[in-house]
Amino acid sequence: MTDLFDKYLQHQMNEEEKKAFEETLNSNDAIKKAFDEYQSLMNAFKDYHQKNELEQKMNEWYLEEMTSISDHHKKNWWQVAYIAASVALIVTLTGLWFYDTLKKETKKQDKEITYLKKELSNIQKQQHHLVQNIEKIKTQQHPTANSQSTGFLIASNYLLTTYHSVQNADSVFVENEYLQRNKALVVYTNKNLDLALLYVPQLKITNIPIHLLNKSAELGSNVFTLGYPSDQLVYNEGYISAMNGYDNDSAFYQITLPLNPGNSGGPLFDSSGSLIGIVMSKNTSMEGVAFALKSTMIYNIKDSLPADSIKQIWTKAFKKFPSKKENKSSTIQKMKTFIFKVYVYQKSV
Amino acid sequence: MQYSDVDFINGIKQHDEIILKALYRQYFKMIRHFVLTNNGNESDAKDVYHETLMVLIHNAQKENFILRSSLSTLIYAIARRLWLKHLNKHKNLYPSGDLYHQNFDPKDDDITSYLEEYQEKEKHIEKMQVAMQQLGNPCYQLLKEFYYNHLSMEQIAEKLGYNNADVAKNQKYKCLQRLKKIFFETNEPSFTKNINL
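Okay, structure coming up:
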């Protein structure tokens, strides 16, 4: 029966068949009902698909638009606070002045001065309180995570980060300055390499400019990283200071680069903007010495990946040759929307 | 290239990707600015703008759609209404919203009916989404190629790697049966939608 419906809906019937079919519809209520149901099902499917496609496209366009907007309007909460506070100040001072003139003149002047001072410090307190309140409102929307690190998109829906940052996590969320907070699922981990792959259903984004280089970097080459050690994206640069990592581990580079907690999981780029590693850890006894997992090592785990779909991502995300050299700031502009804060929540121990 | 309002509407009707993208670029800054200056943040701006376009596209694709004002006015009016709705729904999050005090013209029936129609469709889409989550991607791909891209069973078998057209057809039939069952049985979507509106 559905074959017949399909044929009719896709206009593949000739006039006779069409006529016969329409007559059946008109004379047979059961068939008519089945047909209406079928048609509404098909419409819902088409609408659903169209919306999916459109959303995906709009997300791409959004990123393009945002990367082209260089002056990023951040709300200046302090300014708001100061305006509010100065209004309060003026109101109180005026009030004081009235109060002052009404007061008996016999009162000693120096007393009034101290009184005014006190009021002022009160106002200061209020102002401080106001600022605190505003700060609260700003941050209240989400509970504080147990830890924060960095991750980045390597393909539509998929982010790479470190295993140690999502280890023992109850839930993981990703967010950056351009894209709202979304829940992420840990779909693959590799303890040996300290690597984790996150899946975020909402981040359907194609044309990701981050390409992993399946080729070793050279000693002394300049590198830079972008990460979220604080609330905002932070840039740091340095160089590859040794070809092996801690304890001569050949899976890692030793890099000389100032890093902070939260940087881990951040992408390490060479000067051409190709991704050559992931920031992992730093040496506590030597200042500025840190370690990054080599991108070639990341490529090598391809065969141990759990699903064909993820293997395909690997094939697509890696490149054999560095990308065309671009000016660093434009590279950063291009990359920054694809780098995320990774929030990890754990059950209280 | 500059497009006129008529070009944009025709582009929407034909689902012309180039024109849709131009449309997106054309009004992005306006709506973003509107939301950002009315207590919204970047992700609010994005959500409002995307939903505004969804509403517009859904309604403009209908045969009886008539553009009564300029496209810019219409887009602004839809976005404004959506954002107002959002602010009213989450008063606690936006304590000093100036927008409450501004009146919008409640007689603007066009916008109201646009939103209502879109919401009606949205319900079906959400039901379909629930169903599709249960059905899985292979079924989605199969149904998409058949019903949306209108490929023949032979072409589908080749594209999606089925042994032959009969296998694909059989699979499509199974998918459809399951889809029907799930779609008409679920009354309430069982998931929460990840959107701020």
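Chains A and B are the protein sequences, given in the same order.
In this text, residue positions in the first sequence follow my numbering: the first is 2, and each later residue adds one.
In this text, residue positions in the second sequence follow my numbering: the first is 98, and each later residue adds one.
We put the CB at the ideal spot given by N, CA and C, even for glycine.
As the structure is a prediction and not an experimental result, all values here were calculated from the model.
What does residue i touch in chain B if you count any residue whose Cβ is under 9 Å from its own?
| i | result |
| --- | --- |
| ALA170(A) | Ordered by position in chain B, no residue passes the 9 Å Cβ test against ALA170(A), which lies about 19 Å from the chain. |
| LEU180(A) | GLU139, SER140, LYS143 |
Alpha carbon to alpha carbon, what distance is there between residue j and residue i?
| i | j | result |
| --- | --- | --- |
| LEU181(B) | VAL145(B) | 10 Å |
| LYS290(B) | GLN216(B) | Below a pLDDT of 50, predicted positions are generally treated as unreliable, and LYS290(B), at 34, falls in that range; the measurement from the model is reported next regardless. Roughly 14 Å separates the two Cα atoms. |
| GLU1(A) | TYR159(A) | This structure gives no information on residue 1(A), because the portion of chain A shown stretches from 2 to 350. |
| ASP309(A) | THR316(A) | 11 Å |
| LYS329(A) | LYS8(A) | 57 Å |
| SER172(A) | VAL227(B) | 22 Å |
| LEU117(B) | GLN231(B) | 31 Å |
| LYS119(A) | VAL132(B) | In this prediction, LYS119(A) has a pLDDT of 47, which is less than 50 and means its spatial position is unreliable; nothing more can be read from the coordinates. |
| ASN261(B) | PHE322(A) | 39 Å |
| ASP72(A) | ASN156(B) | Note that ASP72(A) scores 42 on pLDDT, short of 50, meaning its location in the model is unreliable; the coordinates nonetheless yield the value given after this. The alpha-carbon atoms of ASP72(A) and ASN156(B) are separated by roughly 34 Å. |
| TYR236(A) | GLN168(A) | 26 Å |
| PHE46(A) | PHE225(A) | 46 Å |
| SER167(B) | ILE109(B) | 15 Å |
| LYS241(B) | ASP48(A) | 11 Å |
| THR297(A) | LEU248(B) | 41 Å |
| VAL280(A) | LYS295(A) | 9 Å |
| ARG165(B) | LYS216(A) | 59 Å |
| THR190(A) | TYR164(A) | 6 Å |
| LYS303(A) | ILE211(A) | 18 Å |
| LYS33(A) | ASN27(A) | 7 Å |
| LYS277(B) | HIS130(B) | 43 Å |
| TYR100(B) | ASN15(A) | 40 Å |
| GLN158(B) | ASN53(A) | 16 Å |
| LYS188(B) | LYS58(A) | 31 Å |
| ASN125(B) | LEU273(B) | Going by the sequence as given, residue 125(B) is Phe instead of Asn. Going from the Cα of PHE125(B) to the Cα of LEU273(B) covers about 39 Å. |
| ASN161(B) | TYR259(B) | 42 Å |
Tell me which residues share the same chain as residue i and place their Cβ nearer than 8 Å to its Cβ, disregarding the 5 neighbours each side in the sequence.
| i | result |
| --- | --- |
| ASN223(A) | GLU238, GLY239, TYR240, ASP271, SER272 |
| ALA156(A) | ILE209, ILE314, LYS317, ALA318 |
| ILE128(B) | ALA142, VAL145, TYR146, THR149, ILE172, TYR173, ALA176 |
Measuring alpha carbon to alpha carbon, tell me which residue in the options is nearest residue i.
| i | options | result |
| --- | --- | --- |
| SER282(A) | MET298(A), ILE256(A), GLN40(A), LYS58(A) | ILE256(A) |
| HIS183(B) | GLN99(B), LEU117(B), ASN136(B), ASN260(B) | ASN136(B) |
| THR338(A) | HIS50(A), GLN181(A), ALA243(A) | GLN181(A) |
| ASP232(A) | MET287(A), ALA146(A), ASP304(A) | ALA146(A) |
| GLN40(A) | ARG178(B), TYR237(B), TYR244(B), ASN261(B) | TYR244(B) |
| PRO358(A) | ILE91(A), TRP62(A), VAL187(A), GLY263(A) | In the structure displayed, chain A extends from 2 to 350; residue 358(A) sits before or after that span and is not available. |
| VAL103(B) | MET250(B), ILE163(B), GLN274(B) | ILE163(B) |
| GLU66(A) | ARG275(B), HIS112(B), LEU120(B) | LEU120(B) |
| TYR229(A) | PHE341(A), ILE70(A), TYR179(A) | PHE341(A) |
| ALA243(A) | LEU213(A), LEU234(A), GLY289(A), LEU90(A) | GLY289(A) |
| LEU239(B) | GLU219(B), MET225(B), ASN267(B) | ASN267(B) |
| SER286(A) | SER324(A), TYR300(A), TYR247(A) | TYR247(A) |
| ASN234(B) | LYS269(B), GLU255(B), ARG178(B), LYS218(B) | LYS269(B) |
Check the C-beta distance from residue i over to residue j and give it rounded, since I have them as a contact under 8 Å.
| i | j | result |
| --- | --- | --- |
| ASN284(A) | ALA293(A) | Actually they are not in contact, since the Cβ atoms of ASN284(A) and ALA293(A) sit about 12 Å apart, beyond 8 Å. |
| THR151(A) | ALA197(A) | Wrong, their Cβ atoms sit about 12 Å apart, outside the cutoff. |
| ARG268(A) | PHE153(A) | Sequence inspection shows Pro at residue 268(A); the Arg mentioned does not correspond to that position. About 5 Å separates the two Cβ atoms, so the contact holds. |
| TYR237(B) | MET229(B) | 5 Å |
| GLU61(A) | ILE206(A) | 6 Å |
| LEU214(A) | LEU276(A) | 6 Å |
| ASN1(A) | LEU204(A) | Since the first and last residues shown for chain A are 2 and 350, residue 1(A) lies out of range. |
Output, in chain order, the set of chain B residues within a Cβ distance shorter than 7 Å of residue i.
| i | result |
| --- | --- |
| ASP48(A) | LYS218, HIS221, ILE222 |
| TYR229(A) | Simply none; closest approach about 16 Å. |
| LEU160(A) | Ordered by position in chain B, no residue passes the 7 Å Cβ test against LEU160(A), which lies about 16 Å from the chain. |
So, at 7 Å on beta carbons, what are the nonlocal neighbours of residue i in its own chain, with the 5 sequence-adjacent residues on each side left out?
| i | result |
| --- | --- |
| ILE175(B) | THR149, VAL152, LEU153, ILE208, TYR211 |
| GLU24(A) | none |
| GLU139(B) | none |
| PHE6(A) | PHE36, TYR39 |
| TYR200(A) | ASN158, TYR159, ALA185, LEU186, VAL188 |
| SER166(A) | SER148, SER150, SER265, GLY266, VAL343, VAL345 |
| PHE288(B) | Per-residue confidence for PHE288(B) stands at a pLDDT of 42, beneath the threshold of 50, marking its modelled position as unreliable; the derived number appears in the next sentence. Cβ neighbours of PHE288(B) beyond the five flanking positions: VAL227. |
Run down chain A in chain order and give the residues with a C-beta less than 7 Å from the C-beta of residue i.
| i | result |
| --- | --- |
| TYR121(B) | MET59, TRP62 |
| LYS241(B) | HIS50 |
| GLN226(B) | TYR49 |
What residues from chain B crowd round residue i, counting only those whose CB sits closer than 8 Å?
| i | result |
| --- | --- |
| MET43(A) | TYR244 |
| THR3(A) | TYR270, LEU273 |
| GLN11(A) | HIS247 |
Leaving out five residues before and five after residue i in sequence, what residues of the same chain have Cβ atoms less than 6 Å from its Cβ?
| i | result |
| --- | --- |
| LEU306(A) | LYS312 |
| THR332(A) | GLY274 |
| SER1(A) | Since the displayed chain A opens at 2 and closes at 350, residue 1(A) lies outside it and no answer follows. |
| TYR179(A) | MET67, THR338 |
Since residue i meets chain D, which of its residues come closer than 8 Å, beta carbon to beta carbon?
| i | result |
| --- | --- |
| GLN255(A) | No chain D appears in the structure shown, which is made up of the protein chains A and B. |
Indicate, with yes or no, if the ligand SAM has a heavy atom lying under 6 Å from the CB of residue i.
| i | result |
| --- | --- |
| VAL201(A) | Among the ligands in the structure shown, none appear at all, so the ligand SAM cannot be discussed. |
Residues of chain A with CB under 8 Å from residue i, in chain order?
| i | result |
| --- | --- |
| LEU276(B) | LEU42, PHE46 |
Just to make sure I have the definition right: I need the residues of chain A whose C-beta is within less than 9 Å of the C-beta of residue i. Which are they?
| i | result |
| --- | --- |
| LYS250(B) | With the sequence shown as reference, residue 250(B) is identified as Met, and Lys is not the correct amino acid for it. Near MET250(B) there are no residues of chain A at all, since even the closest Cβ is about 11 Å away, more than 9 Å. |
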